[in-house]
Amino acid sequence: MMFTDLIPWKTKEMEKIAKVFLCDKKLILLRAPAGMGKTSVAIAYLIYNAIMGRRGAIFLRTRREIEHALKIAKTIHTRLKADLLIIATPSKQRLCVMSPSETIPIKFMCPIIECPRMKRRKYSDIEKYLRKNVLTTTDEYLRVLSMGRRCPFWIIRSLLPKANIIVGVHEYFKDDYLFSLLGELDVLIIDEAHNLLMMHYEFDRDKIERGKILVEEFLERGGRNIARLIVGLWRQGNYDDAEAVSQYQQYTQTDGKEKRLGRKILKIPTPISTIRKRLEKSGKIVLMSSTLYPSRFFETIFSKNMEHEMKIIKGLMRNPNRTIRIMDTDISTSIRERNPETYRKYAETIRTIKTRTKHKMIVFAPSYDVAKGISKFLGAPVTDNPKGEEIIITVYRGRIAEGVEIPEDYRVAIMAGLPYPKLTQRESKILEAYSEEYGVSIEVLREAYMRSSMVSALIQAMGRVGRKNRGWIYIIDRRARALLAG
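What the sequence shown shows, in my numbering, is residues 125 to 610, in sequence order.
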């Protein structure tokens with residue numbers, strides 16, 4: 125039996141993706157167009173492996189994506205009636221129902237506040253219930269994990285090593301401590317893997333210096349358990365010192381290249397160092413995304429000097445339900461051309477396109493300044509909350525692009541310029557660390573990252589139309605044809 129037979133809505137495209145999963149390499153990189161069913165194939169693969177006695181996990185970017193994966197798992201699980209424990213991992217902040225502090229880890233806060241829920245750690249009834257039921261939202265999992273006024277953090281810590289399949293957010297893959305809670309895993313799948321770029325941890329220099337002094341004094345007095353020092357300081361009302369010690373301990377335990385940014389210290393673990401560590405405790409890692417672009421850049425970042433397989437299913441922006449047109453134009457939203465005359469020309473072009481369609485339109489702009497500039501000439505509102513207007517203007521990487529629900533009658537998307545990011549000082553520091561780790565010039569890395577970020581934001585915005593009904597996309601920027609054609 126092919127594992128895709130578990131999927132009731134199997135398509136030919138899914139068969140192509142499934143063959144990639146069956147590759148015998150331990151590290152697989154997969155780029156496939158959005159909408160091909162990568163998540164469905166991944167869940168089916170995990171369930172098939174679970175039936176064969178192999179544990180696996182899939183890590184996704186957002187809560188919304190986790191819940192989409194859970195619905196797929198529930199559909200397959202219901203048909204199979206298999207005895208499988210499938211656990212979703214809400215973000216670590218949501219696992220503490222008391223929410224006493226955002227700066228000190230939950231494991232320290234439990235004894236600090238003497239939480240009464242810590243005494244209720246029996247979980248056999250919860251495990252029995254979850255083996256029969258795949259829940260479809262993280263809220264449902266939190267409700268079940270909290271039944272009988274139990275602590276969801278401690279209950280999930282007990283259940284995770286026993287789970288056949290774990291559906292979690294990216295932080296459970298990236299963070300060494302959270303990953304250690306999952307137990308030994310045979311298969312790891314990371315969706316939206318391009319988001320592993322730029323991962324870093326940020327620490328306050330003043331707090332670290334203060335924390336170091338407090339820890340050294342504690343050790344000189346014969347102290348051994350730093351956790352007890354943190355608990356003691358907090359109970360005495362020395363909250364700043366407790367946070368300083370906590371941050372110092374996290375800093376000393378965090379791997380990564382160190383970079384200074386003002387009064388901040390960045391610890392930057394490179395993606396390849398994290399992948400190497402995870403491979404030491406798993407049989408296979410599959411990194412997949414619709415935007416592993418430029419492909420050579422991601423192959424370097426994720427697998428340099430490692431045995432791997434990279435598979436590219438052609439059609440970076442292809443979707444059978446969308447028509448994409450790159451306009452023949454002389455205008456662009458490049459920084460030096462952002463002026464009233466450019467905005468007027470964009471408004472004219474958008475108005476012309478509107479005369480050719482009866483459908484409502486969303487215009488995506490690279491920034492709110494550009495959006496407002498076009499709005500002034502077009503007479504359309506800049507908003508993330510459409511209320512039936514014929515044309516609305518929003519921004520790439522905004523709420524609408526990220527996936528907030530919009531009316532289905534918005535079926536035309538205008539890409540008013542290309543969404544190249546403005547590189548921040550923090551991103552520049554991270555790229556410096558990558559340059560040192562990978563032996564690649566900072567200029568090459570910067571250009572590749574900028575292009576990757578642009579394509580990712582473009583594809584994300586394009587995905588807002590053509591989901592259920594047919595959609596039309598117009599890309600308006602003279603740079604687009606040379607960069608994106610084909």
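The beta-carbon is built from N, C-alpha and C at its ideal position, and this holds for glycine as well.
Of the residues the options, which one's Cα is nearest the Cα of residue i?
{"i": "residue 275", "options": "182, 284 and 246", "result": "246"}
{"i": "residue 229", "options": "355, 307 and 520", "result": "355"}
{"i": "residue 184", "options": "385, 257, 200 and 164", "result": "164"}
{"i": "residue 218", "options": "496, 277 and 289", "result": "277"}
{"i": "residue 270", "options": "293, 297 and 242", "result": "242"}
{"i": "residue 176", "options": "596, 195, 531 and 206", "result": "206"}
{"i": "residue 72", "options": "393, 387 and 370", "result": "Any question about residue 72 goes unanswered here, given that the chain covers just 125 to 610."}
{"i": "residue 364", "options": "478, 182, 462 and 335", "result": "335"}
{"i": "residue 141", "options": "575, 327, 351 and 162", "result": "162"}
State the Cα-Cα distance for the pair residue i and residue j, rounded to the nearest angstrom.
{"i": "residue 267", "j": "residue 209", "result": "17 Å"}
{"i": "residue 310", "j": "residue 587", "result": "32 Å"}
{"i": "residue 295", "j": "residue 133", "result": "30 Å"}
{"i": "residue 317", "j": "residue 260", "result": "23 Å"}
{"i": "residue 69", "j": "residue 458", "result": "Examination of residue 69 is not possible in this model, given that the chain is present from 125 through 610 alone."}
{"i": "residue 536", "j": "residue 493", "result": "22 Å"}
{"i": "residue 322", "j": "residue 255", "result": "37 Å"}
{"i": "residue 519", "j": "residue 606", "result": "23 Å"}
{"i": "residue 416", "j": "residue 396", "result": "15 Å"}
{"i": "residue 534", "j": "residue 542", "result": "21 Å"}
{"i": "residue 283", "j": "residue 400", "result": "26 Å"}
{"i": "residue 368", "j": "residue 298", "result": "23 Å"}
{"i": "residue 419", "j": "residue 153", "result": "10 Å"}
{"i": "residue 597", "j": "residue 517", "result": "14 Å"}
{"i": "residue 301", "j": "residue 232", "result": "14 Å"}
{"i": "residue 407", "j": "residue 180", "result": "10 Å"}
{"i": "residue 358", "j": "residue 529", "result": "43 Å"}
{"i": "residue 116", "j": "residue 137", "result": "Here the chain covers residues 125 to 610 and nothing more, so residue 116 does not appear."}
{"i": "residue 436", "j": "residue 329", "result": "43 Å"}
{"i": "residue 550", "j": "residue 319", "result": "16 Å"}
{"i": "residue 498", "j": "residue 478", "result": "15 Å"}
{"i": "residue 601", "j": "residue 532", "result": "26 Å"}
{"i": "residue 155", "j": "residue 340", "result": "49 Å"}
{"i": "residue 350", "j": "residue 373", "result": "8 Å"}
{"i": "residue 544", "j": "residue 248", "result": "51 Å"}
{"i": "residue 403", "j": "residue 237", "result": "37 Å"}
{"i": "residue 585", "j": "residue 496", "result": "18 Å"}
Could you check how far apart the C-beta atoms of residue i and residue j are, in whole angstroms? I think they sit under 8 Å.
{"i": "residue 313", "j": "residue 168", "result": "Rounded, the Cβ-Cβ distance is 11 Å, inconsistent with contact."}
{"i": "residue 485", "j": "residue 515", "result": "5 Å"}
{"i": "residue 291", "j": "residue 194", "result": "6 Å"}
{"i": "residue 583", "j": "residue 434", "result": "Wrong, their Cβ atoms sit about 19 Å apart, outside the cutoff."}
May I ask whether a heavy atom of the ligand ATP can be found less than 7 Å away from the beta carbon of residue i?
{"i": "residue 146", "result": "Judged by which ligands are present, the structure shown has none, so any question about the ligand ATP falls away."}
Secondary structure, alpha helix (DSSP H): runs of 4+ residues fully inside the segment 480-530: Within the segment 480-530, the complete alpha helix (DSSP H) runs of at least 4 residues are 492-502 and 523-526.
Beta strand (DSSP E) runs contained entirely in the segment 247-329, provided each spans 3 or more residues: The qualifying runs are 289-293, 311-314 and 325-328.
Contained alpha helix (DSSP H) runs [length at least 4] in the segment 385-430, N- to C-terminal order: Within the segment 385-430, complete alpha helix (DSSP H) segments of at least 4 residues are found at 395-403 and 419-427, given in chain order.
Length at least 4, wholly inside the segment 179-239: the alpha helix (DSSP H) runs in chain order: Complete alpha helix (DSSP H) runs here, min 4: 187-204 and 230-236.
Stretch pair the segment 438-448 + the segment 473-486: three plus CB contacts closer than 8 Å: Taking 8 Å as the limit for Cβ pairs, the verdict is that the segment 473-486 does not touch the segment 438-448.
The segment 404-413 in contact with the segment 558-569 per 3-pair CB rule at 8 Å: Flag = no, the segment 404-413 and the segment 558-569 do not touch.
Contact between the segment 567-578 and the segment 506-513 (3+ Cβ pairs under 8 Å): By the Cβ rule, the segment 567-578 does not count as touching the segment 506-513, because fewer than three pairs are nearer than 8 Å.
Inter-stretch contact (C-beta, 8 Å, three-pair minimum) for the segment 423-431 and the segment 591-603: Counting Cβ pairs under 8 Å, fewer than three are found: no touch.
Completely contained alpha helix (DSSP H) runs for the segment 434-468, where each covers 4 or more residues: Uninterrupted alpha helix (DSSP H) stretches at least 4 residues long and entirely within the segment 434-468 do not occur.
Completely contained beta strand (DSSP E) runs for the segment 552-587, where each covers 3 or more residues: Within the segment 552-587, no run of beta strand (DSSP E) reaches 3 residues while sitting entirely inside it.
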